[in-house]
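First comes the structure, then the notes that go with it.
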């Protein structure tokens, strides 16, 4: 793993999320799997929120304070309390935020050795910058998977007898 | 559900799959979760293969023969025996195949009532055209989710202690 590879992976995500969700009917985007679960719309909001309140501030905290100061806790459900907005608006803001942060990462000119720099997570304790960034990429991808699956489950009943072949239609999109 | 909505959903898939996979390093694309599981590369091949040997021929079979003739069985793992090819080559062929079949669907000018037309599946018995098409859309989406997740699992270890928050990193991409 090196910083350029991470930056390159992060830069891809807004395009993928846009391809999956832009222009879909609102009732599809807003469909969830029941109480306590997230719709595709919610997940895109979660990604935008994580950008501003999780990945970037935690990266800065490690670089400025190491493990002397713990990260702020991350509110994973903040987006559920936002004023409703068009998906395109959220996608645009996510793309702009992601582009800015990738530019910031690249401007740091970090070496692979910098990935060992340490920070302090309020729940799981000491972590490295490399672990934070690997989690960032993996979090993007697992949430892309979550968006695709919750959209698929719109057709849970419409697939009729094929449902027996499609276990993903019987999962639920737990908040992760 | 109506035929135009299905066609619109199907038309989106090549762009999403391309955004997720084009240009990724081969070792990432080819990474799988162990014996009997599929890499992202394998899943894209599976989508291309399904286009030519599953969805389109089964649609035609329903329209031409109703439930008088059973569908050919679908070989879900045919792509594992293909000659290796660049991901861009597979993506281009998938996009071309999908564009052609969406055009064919639209040219049929089917009404919502046509979605009740019947066909015969060799394992699960009688099905409708609407069920076939809903399965097609859901199958695209669950496999997009599968691609995103198997890519995420490249970082299964690199995320360090965050792994406890990311159950998707401990699933495996079973052939579905």
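Residue numbers (this note's numbering), protein chains in the order written: chain A, 948 to 1123; chain B, 948 to 1123. Where a beta carbon is used, it is the ideal one built from N, C-alpha and C, also for glycine. Just so it is clear, the structure is predicted and the values come from calculations on it, not from any experiment.
What distance in whole Å lies between the Cβ atoms of residue 1109/B and residue 1082/A, which are believed to be in contact at a cut-off of 8 Å? For this step, residue 1082/A is matched to residue 135 along the first chain. For this step, residue 1109/B is matched to residue 162 along the second chain. Contact flag correct, Cβ pair sits at about 4 Å.
Since residue 1126/B is in the beta strand (DSSP E), which residue starts that stretch and which ends it? Since the first residue shown for chain B is 948 and the last is 1123, residue 1126/B is missing from the structure and cannot be characterised.
CB contact check: residue 967/A to chain B, cutoff 8 Å: If you number the first chain from 1, residue 967/A lands on position 20. Yes, residue 967/A lies at the interface with chain B (some Cβ there is under 8 Å from its Cβ).
With a Cβ-Cβ cutoff of 8 Å, do residue 1018/A and residue 1008/A count as a contact? In the first chain, the residue the question calls residue 1018/A occupies position 71. In the first chain, the residue the question calls residue 1008/A occupies position 61. It is a contact, given that the beta carbons lie within the stated cut-off.
Hey, could you find the ends of the alpha helix (DSSP H) residue 1045/A is sitting in? Within the first chain, the letter at position 98 stands for residue 1045/A. Unbroken alpha helix (DSSP H) run through residue 1045/A: 1034 to 1054.
Chain-ordered chain B contacts of residue 1096/A [CB-CB under 8 Å]: As a first step, residue 1096/A is located in the first chain; it is residue number 149 there, counting from the start. In chain order: 1088, 1089, 1092.
Could you tell me whether any Cβ in chain A is nearer than 8 Å to the Cβ of residue 1025/B? Counted from its first residue, the second chain places residue 1025/B at position 78. Chain A, which has no Cβ nearer than 8 Å to the Cβ of residue 1025/B, makes this no.
Straight-line gap, residue 957/B to residue 1045/B (C-alpha atoms, nearest Å): To locate residue 957/B, count along the second chain from 1; it is residue 10. To locate residue 1045/B, count along the second chain from 1; it is residue 98. Answer to the nearest angstrom: the Cα atoms are 8 Å apart.
Do the region 1084 to 1100 of chain B and the region 1024 to 1034 of chain B meet, that is, are 3 or more Cβ pairs less than 8 Å apart? no
Any alpha helix (DSSP H) of 4 or more consecutive residues that is wholly inside the region 971 to 1011 of chain B: DSSP runs (the alpha helix (DSSP H)) wholly in the region 971 to 1011 of chain B: 973 to 976, 987 to 997.
Short-range partners of chain B found in the region 1100 to 1120 of chain A, where Cβ spacing is below 9 Å: Hits within the stretch, in order: 1100, 1101, 1102, 1103, 1104, 1105, 1106, 1107, 1108, 1109, 1110, 1111, 1112, 1113, 1114, 1115, 1116.
Return helix, strand or coil for residue 962/B, following the three-state DSSP convention. Numbered from its first residue, the second chain carries residue 962/B at position 15. Correct three-state label for residue 962/B: helix.
Can you pull the chain A neighbours of residue 1078/B, defined as C-beta to C-beta under 8 Å? Here residue 1078/B refers to the residue found at position 131 when the second chain is read from its first residue. Under the 8 Å cutoff, chain A gives 1105, 1106, 1107, 1108, 1109.
So residue 1076/A and residue 1055/A are in contact, right, with Cβ under 8 Å, and what is the actual spacing, rounded? Locating residue 1076/A in the first chain gives position 129, counting from the first residue. Locating residue 1055/A in the first chain gives position 108, counting from the first residue. About 10 Å; that fails the 8 Å criterion.
Under the DSSP definition of a beta bridge, which residues are partnered with residue 1075/B? As a first step, residue 1075/B is located in the second chain; it is residue number 128 there, counting from the start. Partner(s): 1065/B.
For residue 1010/B versus residue 1065/B, is the C-beta spacing smaller than 8 Å? Position 63 of the second chain, counted from the first residue, corresponds to residue 1010/B. Position 118 of the second chain, counted from the first residue, corresponds to residue 1065/B. No, these two residues do not count as a Cβ contact at 8 Å.
Helix, strand or coil at residue 1081/B [DSSP, three-state]: Residue mapping note: residue 1081/B aligns to position 134 of the second chain, counting from 1. Correct three-state label for residue 1081/B: helix.
Quick check on residue 961/B: buried or exposed, where buried means 16 or more other Cβ atoms within 10 Å of its Cβ? As a position in the second chain, residue 961/B is number 14, starting the count at 1. Under this definition residue 961/B is a buried residue.
Three-state secondary structure assigned by DSSP to residue 1017/A: For the purposes of this step, residue 1017/A is taken as residue 70 along the first chain, with counting starting at 1. Looking at residue 1017/A - three-state DSSP - the assignment turns out to be strand.
Residue 1031/B (DSSP reduced to helix, strand or coil): By 1-based counting over the second chain, the position of residue 1031/B is 84. In the structure shown, residue 1031/B sits in coil (DSSP, three-state: anything other than H, G, I, E or B).
In three-state terms, what does DSSP make of residue 969/B? The residue you call residue 969/B lines up with position 22 of the second chain. Residue state, collapsed to three classes: coil.
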